[in-house]
Each structure stands twice: as structure tokens, then as C-alpha cells.
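Okay, so here's the structure we're looking at.
Chains as they are written, first to last, in our numbering: chain A, 1 to 301; chain B, 302 to 739.
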């Protein structure tokens with residue numbers, strides 16, 4: 001059955017000339033990839049599900065005891081974990097909304113004939129090419145109250161971006177917005193340039209105002225690609241770790257991934273941290289599903 | 302012909318390379334420690350050992366924030382990458398009950414290590430559970446929290462005069478927490494970019510706990526009863542509450558942005574002219590008397606943690622003991638190294654290289670006490686130190702302390718009593734979960 005589904009090669013194609021059939025491509029590339037995924041992704045995923053029902057601690061030699069749903073019950077009843085989730089939700093909303101606003105705005109500005117457009121776009125993309133840890137380290141310097149350039153430039157004196165419990169999360173989100181707006185910009189730019197020019201011409205003939213044109217033509221046509229950007233960024237923002245971990249230790253900025261890391265690798269509560277990881281996984285899946293449903297709806301329109 | 306020759310030569314080379322590496326492996330011991338100056342001193346000491354015995358010692362290091370994680374990842378995987386580890390004092394519980402450390406009780410008794418090393422170091426770096434006379438490590442690097450200060454600021458006649466006029470007594474090295482607070486307040490001058498005091502506030506590992514303990518122990522408070530694991534009436538006693546308030550009070554006089562500070566920041570407070578006094582582990586003081594790393598080296602002085610209002614004077618313990626990893630293939634060779642390490646002359650060498658010896662004889666010798674400006678304060682401190690819980694779940698206890706104390710210290714949430722009552726409840730629940738005491 002499987003072989004009948006594999007199409008035969010077109011004799012004139014390059015693959016045929018090199019003697020690579022679909023079957024050998026499958027054997028060479030797809031099977032190893034799937035095996036790799038099973039060994040390093042699927043198997044640990046299922047194995048850790050088992051651990052999440054035990055009181056296993058990787059740091060001791062004591063055998064793991066089955067505790068049923070105890071870990072899940074404790075975690076969902078722990079006010080600290082809930083506050084971590086609330087912090088994460090706030091972070092995701094601020095950071096993704098900010099990136100959408102800045103990224104789409106810059107894309108709108110760039111979506112016209114301007115000199116050096118290519119160079120400008122490339123330069124704007126630089127932040128997202130940096131490593132998260134590096135960005136965290138140098139933004140920590142930029143935010144420094146004593147010698148940081150941000151306070152100097154804005155004349156804020158010794159304003160404490162990262163040590164102020166109320167400000168810390170916004171400071172992390174601001175860094176994330178700086179880093180990932182270019183990603184949204186890139187996708188939006190692709191979407192914007194795909195909008196057929198004749199629609200704008202028709203709108204101009206009908207004397208449609210700029211707002212009307214934007215909300216009736218530009219936005220609906222770019223929406224699907226914008227949704228993809230939102231899905232990616234939400235997933236990423238939900239699991240942000242390195243940036244926040246490096247920038248601040250404020251409990252008001254302790255994202256769920258940081259809590260998870262501490263539980264798993266500082267306290268070695270392996271069983272419980274597996275349970276928390278599953279709770280996070282289910283949440284990310286649920287949110288992504290809602291988005292995907294919405295995306296499909298937008299596409300249908 | 303040429304080709305054959307080349308391959309034959311290559312083959313010979315390969316055999317030789319394999320041969321020597323196997324040989325080298327047998328005669329090599331790897332010690333794992335955190336990345337800091339004392340590890341370099343230990344490497345130098347190891348080089349001496351290699352000269353004497355031919356056994357190569359490699360000290361492998363990793364930055365402090367990863368140290369615990371990396372060591373336990375290796376232990377949990379039963380890996381033999383490290384033959385010995387210089388583990389934090391809090392790890393004793395997890396290391397011994399988890400089967401990661403080799404039981405050194407016989408070694409201890411045979412070589413009378415308990416008499417060679419200072420009593421506090423044996424109690425906190427080697428023994429687990431407390432009072433059991435079972436030993437898992439040899440005290441290697443003694444350490445405690447002490448203080449550095451700016452001698453030039455303290456000795457300025459104008460400052461002295463102004464201080465006396467304001468507080469009614471002479472400006473000098475603080476003898477108690479009240480003086481510590483007054484001096485911190487006195488030097489707190491944000492308009493001049495000068496601040497009073499640098500303390501530990503980082504809540505990611507044990508920094509906050511160490512800083513708070515300095516006040517707690519000197520105020521006569523305790524974390525709990527180490528034998529019965531009773532914490533109610535200890536960690537939330539009136540003395541403990543007063544200590545937390547005193548520590549929080551000091552935070553008011555720190556440089557701006559002092560909410561995630563540990564040893565790096567606290568040394569910077571002195572080198573960058575930020576603070577008059579700075580709390581730090583003794584292990585970080587060598588760089589403060591080095592002109593290359595501290596432009597104020599000549600003007601930096603040191604003192605032991607001051608006494609509390611009741612006259613008690615203690616300090617929070619840092620430092621580490623060296624343990625043999627039970628998964629090592631070379632335990633016998635490692636034991637020989639430890640036998641060499643505890644010898645008096647080795648301990649003298651260790652101290653001369655910059656290591657903080659735990660040997661009682663060396664600590665008491667005038668030659669050690671006069672070797673650096675801080676050795677005397679170190680000697681005084683090492684006989685009055687106390688430590689955090691060393692149970693396997695210490696990391697959970699630390700996390701709970703951070704969770705409760707940090708928002709109060711930095712964010713000003715709640716009161717000291719509420720904070721410590723909540724902490725006592727958390728610790729009780731944790732000890733109950735692991736079936737300890739009660």
C-alpha cells in the first residue's frame with residue numbers, strides 16, 4: 001500500500017538523473033528524521049508523562065512512588081504557580097501586542113518606494129538574528145540605573161528598570177518587543193506587498209479615505225499572515241526563558257518557564273516539574289488551537 | 302612505497318597516542334568545582350601533587366550559577382566524569398542520601414580529620430546528618446560572609462567629625478548592627494553618587510539567605526532546630542523578626558538597582574566607589590587587595606560580621622568540602638590525594654597559594670593571620686559560623702525563603718512577622734512532606 005502511494009519519478013528530473021528515487025529519499029532523509037524525533041522528542045514526552053504521576057526526584061537514589069494526580073492537584077492549588085501563569089499571560093499579551101503594533105507599523109512605512117529599502121530592511125532585521133542570551137546581557141547593561149544609556153538618553157536619573165517590582169516585567173517585554181518586532185515586520189511586509197495594486201487604484205477612483213482603505217482592503221488581506229505571526233510569537237513568548245532569566249530576578253517577572261526550571265533543576269522535584277511541564281504544554285496547545293481555528297476562519301473570508 | 306610508509310607511520314602514531322592516553326587516564330584525577338579564584342589555587346596545589354607523585358590533577362570548573370545544576374546532572378546520570386567534587390555545604394544531604402558521595406567516616410577516624418580541621422568546618426562541610434558522626438567530605442575551602450570597607454572614607458577627619466556630631470560616637474569599624482546601620486545611613490549620599498552599604502539580595506540561589514542569616518544569627522535567632530526540624534518559634538521568633546527588619550533597613554542605603562546583587566556586584570561596590578561597606582564571602586576578598594582588580598586596594602579594609610543587640614556574634618557559612626564521587630573508577634587514587642591534602646605542610650601551602658584552609662593549626666598560626674589584611678577577620682569568623690539546612694530538599698527550602706523574604710525586602714510587601722510566619726508554615730509543610738522530625 002505504502003509503495004503504491006509513492007509516485008514514480010519523472011525520467012527527465014534531476015533526481016532521476018542522479019538516481020535518487022522517492023524510496024531512497026524516504027530511506028535516506030525521512031526515516032532517520034522520524035526515528036530521531038521518536039527517540040529524542042516523542043519518547044521523552046511519553047516517558048515524562050509517566051514521571052508526572054510519581055514523586056520521582058532525579059537527585060536521589062530512592063525509587064519513584066506512584067502518587068496519582070497528587071502533583072497536578074498540588075500545582076493547580078499552588079498560588080505561586082497561578083501567579084506565575086498570570087505573569088506569563090500578562091507578558092505574552094504585552095509583548096505580542098507590542099510586536100504586532102511596532103512590526104506592522106514599520107512594515108507599513110517600508111511598503112513604498114524609498115531609496116535603500118533593501119538595506120534598511122536588512123538592518124532592521126538585525127535584532128532577531130542575535131542570540132537571546134546576548135540580547136539579555138546587553139540590555140541589562142542598557143537598563144543599568146548607574147551607567148545605562150537608556151536612563152542617560154531619556155534623562156531618567158537612576159530609574160530602576162529591572163529592580164522595580166512593578167517595572168521589571170515591562171522592561172523584559174520591551175526587550176522582547178525590540179528583538180522580535182522585525183519578525184512581525186518581515187511577515188507583514190510579505191503580506192502587504194502581496195495585496196494587489198488594482199484594489200488600491202479602484203479605492204482611489206472611488207475616493208475612499210485612507211482609513212477606509214486600510215480597514216477594508218489592507219487589513220483583511222494581510223490578516224491571515226498576521227495571524228501566523230501572532231501564533232508564532234505567542235508560542236515563543238509563552239515559553240520565554242533566557243531573556244527573562246538573565247534580565248531580572250524579580251518575583252513579579254517570574255515567568256512559568258523560570259518556575260519550571262527552578263523546580264526541575266534547582267530543587268530536583270522531577271516528578272512535579274514533569275507535571276507542570278504538561279500543564280504548560282496543554283495550555284500552549286489550547287491557545288494555539290484557538291488561533292488556528294481563527295486563522296482558518298479568516299482565510300475562508 | 303611512500304604511501305605504505307605513511308600509513309605505517311600513521312598507524313604507529315595512532316598506537317602511541319592511544320597508549321599514552323590510556324596511561325594518562327590512569328594517572329589523572331578530575332576535580333569539579335565552580336569557576337573562581339580558589340579553583341585556580343587548587344589547580345596550582347594539584348600541580349605540586351603531580352610533581353611529587355606523577356598523578357595529574359585537573360580542576361574542571363563551571364560558572365557559579367550552573368555549578369549545582371551541572372554537578373547534580375552528572376551525579377543523577379551516575380557519570381564518572383569527575384572523581385572528586387568540591388560541593389557546597391548544603392549538598393551534603395542530597396550527596397550522601399542520594400548515594401553520590403563515598404562515605405569517608407573510616408577515613409575521617411583513621412586520620413583524625415576531626416581534630417585537624419576547625420570544629421565548625423567539620424560540622425558543616427563534612428557531617429551528615431548533623432550529630433551522626435558520619436562524614437562525607439573533607440573540609441577544603443573555609444568560607445564565611447565578612448565585610449570590606451573603605452578605609453579612606455572612614456578615616457577622613459571631616460567625616461569623623463560630622464559623624465560624631467550626628468550620632469554621638471566615633472566613626473570606626475562597626476562593632477554591632479546598630480553602628481552598621483548608622484554608618485550606612487551616614488554615607489548614603491545619592492546626590493554624590495555615594496551609597497552606604499552593599500548587601501546580598503539576589504533571590505536565584507542562596508545569596509538572599511546568606512545575607513539574611515548574617516543578621517539572623519547575630520541577633521540570636523535560628524533557622525530552626527537542626528535535630529527535630531522544628532521551625533515554629535525559631536524562624537518566626539521575635540529575634541528573627543527584628544533581624545529581618547534590620548536587614549531590610551540596610552537595603553534602604555544600597556546603591557540604586559541593588560535588587561539582584563551577589564558577590565560580583567558587592568565587590569564592584571568597593572572597586573567602583575559606590576559604597577562605604579560591602580558584604581561578601583571571604584573567598585572574594587583576594588581580588589580586593591589586588592591593585593589590578595581594585596583601584597582602591599590600598600584603601601580597603603575588612604571586618605568580621607558585627608554583633609547583634611544581644612551581643613551574639615555569628616556569620617553565615619559559605620565554603621565547601623571535597624568529596625569522592627561514588628561513580629568514579631579511581632576512588633583509591635582519590636583517597637591518596639585526600640591523605641596528602643590533609644597533611645599540615647599541604648595545608649600551609651594551600652593557605653599560601655590563597656586557599657582558605659580549614660586546618661585549625663594553620664588558622665591559629667600568626668603567620669597565617671598576618672599574611673593578608675583579612676585573614677584575621679577570617680580566623681575570628683570561622684569559629685563562629687552557622688549554616689543553612691543541609692537536607693536533600695534544601696533547594697526547596699531556599700526557594701521558599703526567597704519567595705517569602707524577597708517581596709518583603711525589595712517590594713516592601715507585608716510585615717516581617719507575616720513574612721516569617723508564612724515561611725515557617727512553608728518549611729513545616731516541606732519537612733512534613735519528607736517525613737522529617739515532628
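The beta-carbon is built from N, C-alpha and C at its ideal position, and this holds for glycine as well.
Quick caveat, the model's predicted, so the values are computed rather than measured.
Just the Cα atoms here: how many angstroms apart are residue i and residue j?
i	j	result
residue 513 of chain B	residue 548 of chain B	6 Å
residue 460 of chain B	residue 609 of chain B	25 Å
residue 652 of chain B	residue 660 of chain B	9 Å
residue 355 of chain B	residue 363 of chain B	26 Å
residue 437 of chain B	residue 294 of chain A	60 Å
residue 359 of chain B	residue 635 of chain B	12 Å
residue 605 of chain B	residue 368 of chain B	27 Å
residue 323 of chain B	residue 340 of chain B	Because residue 323 of chain B sits at a pLDDT of 42, beneath the cut-off of 50, its placement in the model cannot be relied upon, and the following sentence gives the value as read from the coordinates. One C-alpha to the other measures close to 26 Å.
residue 325 of chain B	residue 331 of chain B	At residue 325 of chain B, the pLDDT of 45 sits below 50, so the modelled position is not reliable; the number obtained from the coordinates is stated separately. For residue 325 of chain B and residue 331 of chain B, the distance between alpha carbons rounds to 12 Å.
residue 420 of chain B	residue 238 of chain A	50 Å
residue 195 of chain A	residue 165 of chain A	44 Å
residue 187 of chain A	residue 224 of chain A	10 Å
residue 598 of chain B	residue 401 of chain B	42 Å
residue 485 of chain B	residue 457 of chain B	16 Å
residue 230 of chain A	residue 392 of chain B	44 Å
residue 403 of chain B	residue 418 of chain B	19 Å
residue 654 of chain B	residue 336 of chain B	17 Å
residue 682 of chain B	residue 276 of chain A	43 Å
residue 510 of chain B	residue 451 of chain B	25 Å
residue 44 of chain A	residue 279 of chain A	16 Å
residue 281 of chain A	residue 41 of chain A	13 Å
residue 71 of chain A	residue 345 of chain B	48 Å
Would you kindly report the start and end of the unbroken alpha helix (DSSP H) that includes residue i?
i	result
residue 456 of chain B	452–456
residue 797 of chain B	In the structure displayed, chain B extends from 302 to 739; residue 797 of chain B sits before or after that span and is not available.
residue 192 of chain A	168–193
residue 198 of chain A	197–205
residue 75 of chain A	70–76
residue 719 of chain B	717–734
Short of 7 Å in beta carbon distance, which residues of its chain neighbour residue i, apart from the five on each side in sequence? Order them along the chain.
i	result
residue 647 of chain B	641
residue 137 of chain A	246
residue 289 of chain A	none
residue 169 of chain A	87, 90, 91, 252 and 253
residue 538 of chain B	522
residue 159 of chain A	145 and 151
residue 691 of chain B	390, 391, 393, 394 and 429
Relative to the alpha-carbon of residue i, which residue among the options has its alpha-carbon at the smallest distance?
i	options	result
residue 657 of chain B	B/690, B/620, B/684 and B/689	B/620
residue 90 of chain A	A/76, A/204, A/103 and A/240	A/240
residue 276 of chain B	B/523, B/624 and B/497	One cannot answer for residue 276 of chain B here, as it falls past the ends of chain B, which runs 302 to 739.
residue 507 of chain B	B/446, B/550 and B/542	B/446
residue 575 of chain B	B/545, B/668 and B/494	B/494
residue 113 of chain A	A/32, A/193, A/279 and A/234	A/193
residue 711 of chain B	B/488, B/553 and B/443	B/553
residue 140 of chain A	A/173, A/121, A/110 and A/123	A/173
residue 475 of chain B	B/449, B/662 and B/462	B/449
residue 397 of chain B	B/413, B/429 and B/379	B/429
residue 488 of chain B	B/680, B/520, B/556 and B/373	B/556
residue 365 of chain B	B/333, B/477, B/480 and B/588	B/333
residue 94 of chain A	A/49, A/180 and A/24	A/180
residue 579 of chain B	B/588, B/587, B/568 and B/589	B/568
residue 82 of chain A	A/266, A/259 and A/296	A/259
Hey, quick one: how far does the beta strand (DSSP E) through residue i stretch, first residue to last?
i	result
residue 614 of chain B	Segment: none, residue 614 of chain B is in no beta strand (DSSP E) and carries neither H nor E.
residue 389 of chain B	385–389
residue 603 of chain B	601–604
residue 627 of chain B	Element bounds for residue 627 of chain B: n/a, residue is neither H nor E.
residue 261 of chain A	Taken as a continuous stretch (DSSP letters only), residue 261 of chain A belongs to no beta strand (DSSP E), being part of the alpha helix (DSSP H) at 256–261.
residue 496 of chain B	496–499
In its own chain, which residues sit with a C-beta less than 6 Å from the C-beta of residue i, not counting the 5 before and 5 after it?
i	result
residue 714 of chain B	708
residue 348 of chain B	none
residue 329 of chain B	357
residue 268 of chain A	57, 58 and 59
Strictly below 7 Å CB to CB, what residues from chain D border residue i?
i	result
residue 152 of chain A	Annotation note: the requested chain D is absent from the structure, which comprises protein chains A and B.
In chain order, what residues of the same chain lie with their CB nearer than 8 Å to the CB of residue i, ignoring the 5 residues before and after it?
i	result
residue 74 of chain A	272
- prompt: Of all the alpha helix (DSSP H) runs that stay within the bounds of the stretch 327–374 of chain B, which reach a length of 4 or more residues?
  reply: 338–354
message: What ranges does the alpha helix (DSSP H) occupy inside the stretch 630–710 of chain B, keeping only unbroken runs of at least 4 residues that lie completely in it?
response: 632–642, 645–654, 661–665, 667–670, 676–683 and 695–710
Runs of beta strand (DSSP E) wholly within the stretch 515–590 of chain B (minimum 3 residues, chain order): 576–582
- request: Counting only runs of 3+ residues fully inside the stretch 393–478 of chain B, write out the beta strand (DSSP E) ranges in chain order.
  value: 439–442 and 446–451
- request: Tell me the start and end of each unbroken alpha helix (DSSP H) in the stretch 80–134 of chain A that is at least 4 residues and wholly inside, in chain order.
  value: 117–129
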